[in-house]
Each structure stands twice: as structure tokens, then as C-alpha cells.
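To keep things clear, I will list the structure first and then write my remarks on it.
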Amino acid sequence: METFAEFQRRRNSGFYSSKGGRIYSSFRTFAHSLKFAEANAVEFARRAPRKGKLRVYEIGVGDGKFALNFLRALRKADEKVAERTTYILWDFSEKGVELASGKLEGFDFETVAAPAWDWKKMRGATCVKCSELLDDLPTRMLVRRGMHVMEIVREGDEFREVDARVEGETALFMEGMPEGYWVPVPEIGLECILGWKGKLAPGGWIDIFDYGFADAEGMRMLPRNGWNASIWREFSGQVTVDVNFQFLKRCAGGRIEAQKDYVERALGKDLWEVDAGKLDYYSYEEVKKNWKKLEAGGYDINILLSGGESSDYLHMEISK
Ligand SMILES: C[S@@+](CC[C@H](N)C(=O)[O-])C[C@H]1O[C@@H](n2cnc3c(N)ncnc32)[C@H](O)[C@@H]1O
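In terms of the numbering used here, the sequence shown is residues 11 to 330.
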């Protein structure tokens, strides 16, 4: 028997160590979106302290495309800020770090091959960011049954519930959760965030990009079985879990917004989130230009343009 968090940890360390570098280009994330990277660069240039060296830590770098697009966009956004910036590629996979490093020739960068929770290796961080890392980290799965909190455990190929040991914020948080719903509680994600927060330089901040939920309302709108079946998923053996931003905010503070709002605000224009083979943000003109492709991919353009498509991608920002 293993807890859900142990099950996720076992599966994901197996997933990342078995396939070497090949997996990193197969993620369907926003890491390849030029607008996403540009928004991040513009925001960084706007907020970065006016003097001194700047250190940007990216944790869980994948194939390094987000890093490369960010650094290129930063040179365009503010050359002086770019010149003062050192980019730190951080991943628990040495292969991943090596692959990402190969893309950053001509930029000032360092590498760290270590787990996300090894925050003692961090120093003077202007910005710590991650995109689709937290959904990968071992996450507790809890469920409230009356006055009791139960832990989801895996036995063979089945899940069952056993009495959970919960204390502190986790216990308080679970009191407010609807009964019978599987609730991911990212205690390890929180530990990482608090560790990183302690390593921020004055004026520094953390940017977390991931999919998940910011309040229990979405939960209550779905029947229990639907929610419980969709809160986690398996992809080629890898196990990912929707990020419980509500819990993270309650314990670490910060601010949550839709990732799309963040990109729109930074770039100063209306955008539409699309999944057209790759996840990206399209302008109105791009939606019109790719109309046929989007319809072939299952989009109703009128619904898309009227903002009727929902999205679970969120941005959380935590300042020092
Ligand atoms: C789903 S991929 C996302 C990659 C990239 N950020 C993107 O958005 O495409 C998760 C990344 O986090 C790394 N990762 C997963 N668990 C980690 C951990 N415990 N510590 C450090 N890196 C981890 C993986 O090696 C991979 O590069």
C-alpha cells in the first residue's frame, strides 16, 4: 500500500529517468508559446530592480524552450536588464538540464541538477518561476467524510481510503471542503514555495504557472464522481494532479489570476487561448487566419471569440 503522493512520486521518477531527454519535447504546455515567454520577459523587465545583478531561476525546465524564448524576448524588451541577468536552469533530471543548456549559447546561464525542494542551493533570486512543475510534484490526495479526513491510497491497481493524519493548515483547509470530493493538497509544493520565498533577493518574486483551481466553487459545480475522476490523470505512466492554488494561497500568500489575463495585461492586447496542436495565445487576427484549422480541431469559433471557452491555466505570484 502507498499513499497517492508516494504513488505519484514513484511513477514520475520512473517516467523521467526511463526516457532520458526524449520526453521533454513531447509536453503539451505553454513553454513553446512566444507570446507567453514575451509576456514573462516584459513583466520581468518592468519589475526588475534598477541596479545590480539579476538572477532568474526556472525550476523544471523541460526542453529549455521557455528559457530560450524568454531570454530572446528580454533582449528585445530591455537590453540593459538582459545584460544584468543570469538565468539558472534547474531540474532534477541531469539530462533535461543538459538538453536545455544546449539551447542557451550566447546567454549568461548556470545549471542546477537537483529536486525542486533542494532550495538551499538557491541564492539571491530576483525571480523564481516554474511552468507545469507543481502538477508533477508528489501531492497528497485527501477526502472529507463527515468529521473525518481520509487519505487516498493505492493498493495494486485500486484506490481506497484510510484514516489520514492531518494537522495544522491541512486539517483546517479540509474542514471547508465538500464531502466526498478528492482534494489534492500540495504540501510538498508548498514546502518548495516557502523555501524559494526565503531565498528571494529584496524586491524578488515567484511566478507559478500551472493548471488547477483557485476555489472550491468549481468543485461544487461538478458531481463528485466527475470531479474525482478528472482531478488527476495519467500520461504514458506519468501522473499529474490539478494544482490546488487555494491551499497554496492560504498558506503562502500571494495573488492568483488566469494565466491568459497575465499574458494579456503584459502584452496590452486581447488574446484567445487555443490548443491547435500546441498551446498558445492567438490575437483576433490569428484566430481569423487559423479559423479552418481551429474548427477542424473542434473549436466553435463564435464560442471561442465570445470568451465561452473556459481555461484552468492559472498564474500565481508571490512577492518577498
Ligand atoms: C511537465 S514538465 C514541464 C516542462 C516545462 N516547464 C514546460 O512547461 O514545458 C515538468 C518538468 O519538471 C521537471 N521536474 C519534475 N519533477 C521535478 C522535481 N521534483 N524537481 C525538479 N524538477 C522536476 C521535469 O524533469 C520536467 O522538466
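Each residue gets a CB set at the ideal place from its N, CA and C atoms; glycine is no exception.
Cβ-based burial, residue i [other Cβ within 10 Å; buried from 16]
i: residue 184; result: buried
i: residue 246; result: exposed
i: residue 74; result: buried
i: residue 328; result: buried
i: residue 191; result: buried
i: residue 217; result: buried
i: residue 60; result: exposed
i: residue 254; result: buried
i: residue 131; result: exposed
i: residue 176; result: buried
i: residue 207; result: buried
i: residue 181; result: exposed
i: residue 231; result: exposed
i: residue 166; result: exposed
i: residue 310; result: exposed
i: residue 295; result: exposed
i: residue 270; result: buried
Rounded separation between residue i and residue j - CA only
i: residue 107; j: residue 134; result: 21 Å
i: residue 145; j: residue 41; result: 15 Å
i: residue 31; j: residue 78; result: Residue placement at residue 31 is poorly supported in this model, since its pLDDT is 47, which falls under 50; the coordinates are not used for a value here.
i: residue 25; j: residue 11; result: 20 Å
i: residue 120; j: residue 308; result: 42 Å
i: residue 46; j: residue 55; result: 14 Å
i: residue 64; j: residue 124; result: 21 Å
i: residue 97; j: residue 286; result: 30 Å
i: residue 172; j: residue 164; result: 10 Å
i: residue 1; j: residue 268; result: The structure shown has nothing for residue 1, since the chain only spans 11 to 330.
i: residue 390; j: residue 251; result: Examination of residue 390 is not possible in this model, given that the chain is present from 11 through 330 alone.
i: residue 264; j: residue 62; result: 25 Å
i: residue 169; j: residue 315; result: 41 Å
Proximity test, residue i beta-carbon vs ligand 2 heavy atom, cut-off 7 Å
i: residue 323; result: The model depicted lacks ligand 2 and carries ligand 1 instead.
Heavy atom of ligand 1 within 7 Å of residue i beta-carbon
i: residue 26; result: yes
i: residue 108; result: no
i: residue 280; result: no
i: residue 101; result: yes
i: residue 194; result: no
i: residue 251; result: no
i: residue 143; result: yes
i: residue 147; result: yes
i: residue 80; result: no
i: residue 70; result: yes
i: residue 51; result: no
i: residue 76; result: yes
i: residue 15; result: no
i: residue 39; result: yes
i: residue 135; result: no
i: residue 125; result: yes
i: residue 22; result: yes
Cβ distance (whole Å) where residue i is taken to contact residue j below 8 Å
i: residue 325; j: residue 272; result: 4 Å
i: residue 196; j: residue 257; result: 6 Å
i: residue 140; j: residue 69; result: 4 Å
i: residue 91; j: residue 58; result: 5 Å
i: residue 52; j: residue 87; result: 5 Å
Chain D within 8 Å of residue i, Cβ atoms only
i: residue 215; result: The displayed structure is made up of one protein chain only, and chain D is not part of it.
Let me know the alpha helix (DSSP H) ranges lying completely inside the stretch 53-117, each 4 residues or longer, listed in chain order. Here the runs fully enclosed are 75-87, 89-93, 104-111.
Suppose only complete runs of 3+ residues qualify. What are the beta strand (DSSP E) ranges in the stretch 136-213, listed by chain order? 150-155, 158-165, 168-173, 193-195
Report the start-end ranges of each alpha helix (DSSP H) in the stretch 213-241 that is 4 residues or longer and not cut off at the edges. Qualifying alpha helix (DSSP H) stretches, in chain order: 227-231, 234-240.
Considering only residues of the stretch 248-287, which uninterrupted beta strand (DSSP E) runs meet the minimum length of 3 residues and lie entirely inside it, listed in chain order? Listed in chain order, they are 248-251, 265-268, 282-286.
Jot down the residue ranges of each uninterrupted alpha helix (DSSP H) in the stretch 289-323, minimum 4 residues, whole runs only, in chain order. 294-299, 301-306, 311-315
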